[in-house]
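Chains as they are written, first to last, in the working numbering: chain A, 4 to 135; chain Y, 55 to 564. Backbone N, C-alpha and C define an ideal beta-carbon position, used for all residues, glycine too. Values in this document were obtained by computation on a predicted structure and should not be read as measured data.
Next up, the structure:
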């Protein structure tokens, strides 16, 4: 049971790293999704998952031996919620960057220079890029 | 009453309430300040209580450890909580004067309270996975605070910051999963008991797995190979909140290193992590200060100094590699953290005031603050001399205690780097002083009202003077906190109730 699991985790990690390193904002978001799935699978694997173990609901009090560890799925649930929330935020931020700069390649974004006036704390008009 | 969990609940409900009060800006300010003040009083009371009466533990929903979720307030956690809330309150008072109407409409205060929530949570959690959750909550608060105002530059830097922290968060879960597979528990007290018994290949595996966590915490603390994100992202944070970012966020990483690598991982060969940290700290100090010297923007210079100063704290943690010196090294680190949080936050706040006075951010354009507003210049001078380590301010003592441990451990090379860094720090502080404060002002009056923020800043600057002149009680407290961390018998007894769990160790996991 470990080999297919290990392979799946490995492929997901490899895909995630490859996608994250592509110079494209959308791929950055997709790569993060893959990465969190890889991590969640790893967590399940570390909890000692195997097909022979039952779900961790103790119906028969004597059958504790053959049950799966309930903590890792619990942790994974929390991790899924967090990665969903942060992923949604990240997608929004990437969209706003695309809207403001009109570029979907993060490497082409202008270098932040030390004396860039946009660093000064001043209120900017909203949606300037599109309306002009 | 046993209510450690209040430090999380209060900011949580305040944030929700403030989000609902969006249309009542004055009420929002008053409520947010009142909530922070009340919680500050509570955490100081908690510190006193923990110092005299022992460690306080809250088990969520009453499930016993190690199964339930533990919130633990020991001396170290309480010291950090006091710092977090003190700086948080001062920053809130400061932003009452500086926040713009549009910033406030975009949930400036709710985000700040979420930030407080995450930081406080990561200090009191007694569970490795909850530390991850606390990190994520803190980060969401920091993304929000960073983007308030919504300029292009801010959104763009936030994107980088989010991307980096997403990878950091994923690695954190990897580390947690590996530790769980090897030890079978995530409760810190339980981990401390069980890892101490580990020897042989399993201990080596755990050391390898702990390196993932080392990378995560190093990323958060901005140490040597992974510090590049900090100087770009901090200057875009609105002034004021910037002070809280500079003071607390990287120090959460330092705190986690201290908690996890000194207290929790006690397996055979765990000193390897400290040895690695010691080497990293040398690079961190030197590269940080060299980066600061070649910058031309005030808050950017100060951002690079955060990196350099984190080097001193990580050096303190690295010196625990020698078990004999561990209590002294941890005590020195804790004292340094206290000093650093106060001084760094006040420097960022002064930088914000100086920017208000001159209306500029580049140091070559500023000039003459000393003729325009001598009080602001005086505040900067005290904080800067303290940062560089001049007596009688707290920076001198903090550096002294760290360097003394280094000398006792015969690590002369790191002491040499630390002293060199200290001189270079002074040099770059002189650069700010010469360009920003000295000389003749180009304007007759200040560009924006500055008195309110300056008063808020002055309270923090007064704290650094007090910390330098009356250091004895703080040093004693740091020493006691260090003893608790280095030999966590009291911590383990408080959390596990004297009966460390004896679950069958997992044998079905490779």
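Exercise. Go ahead and pull the three-state DSSP assignment for residue 497 of chain Y.
Key: coil
Quiz prompt | Beta-carbon gap between residue 185 of chain Y and residue 176 of chain Y smaller than 8 Å | solution = yes
Exercise. Output, in chain order, the set of chain Y residues within a Cβ distance shorter than 7 Å of residue 11 of chain A.
Key: Under the 7 Å cutoff, chain Y gives no residues; its nearest Cβ is about 15 Å from residue 11 of chain A.
Self-check item: Pair within 8 Å by beta-carbon distance, residue 360 of chain Y and residue 482 of chain Y
Solution: no
Quiz prompt | Own chain residues within Cβ distance below 6 Å of residue 156 of chain Y, not counting five before or after | solution = none
Self-check item: Paired residues, beta bridge with residue 108 of chain A - DSSP
Solution: Answer by DSSP bridge pairing: none, since residue 108 of chain A is not bridged.
Exercise. For residue 179 of chain Y, name the three-state secondary structure that DSSP assigns.
Key: strand
Exercise. On a CA-only basis, which of Y:286, Y:293, Y:74, Y:520 is nearest residue 164 of chain Y? Give me that one, please.
Key: Y:74
Exercise. Could you check which residue in A:17, A:75, A:30, A:40 has the C-alpha nearest to that of residue 232 of chain Y?
Key: A:75
Exercise. Give the DSSP-derived three-state secondary structure of residue 366 of chain Y in the structure shown.
Key: helix
Exercise. Would you check if the distance between the CB atom of residue 311 of chain Y and the CB atom of residue 271 of chain Y is smaller than 8 Å?
Key: yes
Exercise. Could you have a look at residue 252 of chain Y and say whether DSSP puts it in helix, strand or coil?
Key: coil
Practice problem: Check the Cβ-Cβ distances between residue 75 of chain A and every residue of chain Y, and say whether any is below 8 Å. | Solution: yes
Quiz item: Who pairs with residue 295 of chain Y in a beta bridge, going by DSSP?
Solution: None, per the DSSP bridge assignment.
Quiz item: By DSSP, does residue 39 of chain Y sit in helix, in strand, or in coil?
Solution: The requested residue 39 of chain Y does not occur in the structure, where chain Y is confined to residues 55 to 564.
Quiz prompt | Given residue 452 of chain Y as reference, the closest of Y:217, Y:522, Y:403 once Cα atoms are compared | solution = Y:522
Quiz prompt | contact_flag[the stretch 380–388 of chain Y, the stretch 330–339 of chain Y] where n(CB pairs < 8 Å) is 3 or more | solution = no
Practice problem: Flag residue 104 of chain A as yes if its beta-carbon sits less than 8 Å from any beta-carbon of chain Y, otherwise no. | Solution: yes
Quiz prompt | Helix, strand or coil at residue 207 of chain Y [DSSP, three-state] | solution = helix
Exercise. Along the alpha helix (DSSP H) that carries residue 438 of chain Y, what are the first and last residues, could you check?
Key: 428–442
Quiz item: So is residue 38 of chain A in contact with chain Y if we call contact Cβ pairs under 8 Å?
Solution: yes
Quiz item: Counting contacts by CB-CB distance shorter than 8 Å, is residue 17 of chain A in contact with chain Y?
Solution: no
Exercise. Show which residues of chain Y have a CB atom less than 9 Å away from the CB atom of residue 33 of chain A.
Key: In chain order: nothing, as chain Y lies at least about 12 Å away.
Quiz item: At a cut-off of 7 Å, is residue 58 of chain Y close to the ligand MN when judged by its beta-carbon and the heavy atoms of the ligand?
Solution: As for the ligand MN, it is missing from this structure, which has no ligand bound.
Quiz item: By how many angstroms is the C-alpha of residue 34 of chain A removed from the C-alpha of residue 21 of chain A?
Solution: 8 Å
Self-check item: Extent of the continuous beta strand (DSSP E) run through residue 71 of chain A
Solution: Per DSSP, residue 71 of chain A belongs to no beta strand (DSSP E) and is neither H nor E.
Practice problem: Express the C-alpha separation of residue 201 of chain Y and residue 139 of chain Y in angstroms, rounding to a whole number. | Solution: 22 Å
Practice problem: Please list the residues of the stretch 202–221 of chain Y that have a C-beta atom closer than 9 Å to any C-beta atom in chain A, keeping them in chain order. | Solution: 203, 204, 205, 206, 207, 208, 209, 210, 211, 212, 213, 214, 216, 217, 219, 220, 221
Practice problem: Show which residues of chain A have a CB atom less than 7 Å away from the CB atom of residue 235 of chain Y. | Solution: 49
Quiz item: Pairing CB atoms from the stretch 532–543 of chain Y with CB atoms from the stretch 296–308 of chain Y, are three or more of them under 8 Å?
Solution: no
Quiz item: Within 8 Å (strictly less), CB to CB, does residue 183 of chain Y reach chain A?
Solution: yes
Quiz item: Quick one: which chain Y residues come within Cβ less than 9 Å of residue 71 of chain A?
Solution: Residues of chain Y passing the Cβ test: none, with the nearest at roughly 11 Å.
Quiz item: Does residue 197 of chain Y have its Cβ less than 8 Å from a Cβ in chain A?
Solution: yes
Quiz prompt | Residue environment, residue 499 of chain Y, which counts as buried when at least 16 other CB atoms sit within 10 Å | solution = exposed
Quiz item: Residues of chain A with CB under 7 Å from residue 228 of chain Y, in chain order?
Solution: 42, 45
Quiz item: Across which residues does DSSP place residue 110 of chain Y in a beta bridge pair?
Solution: Y:127
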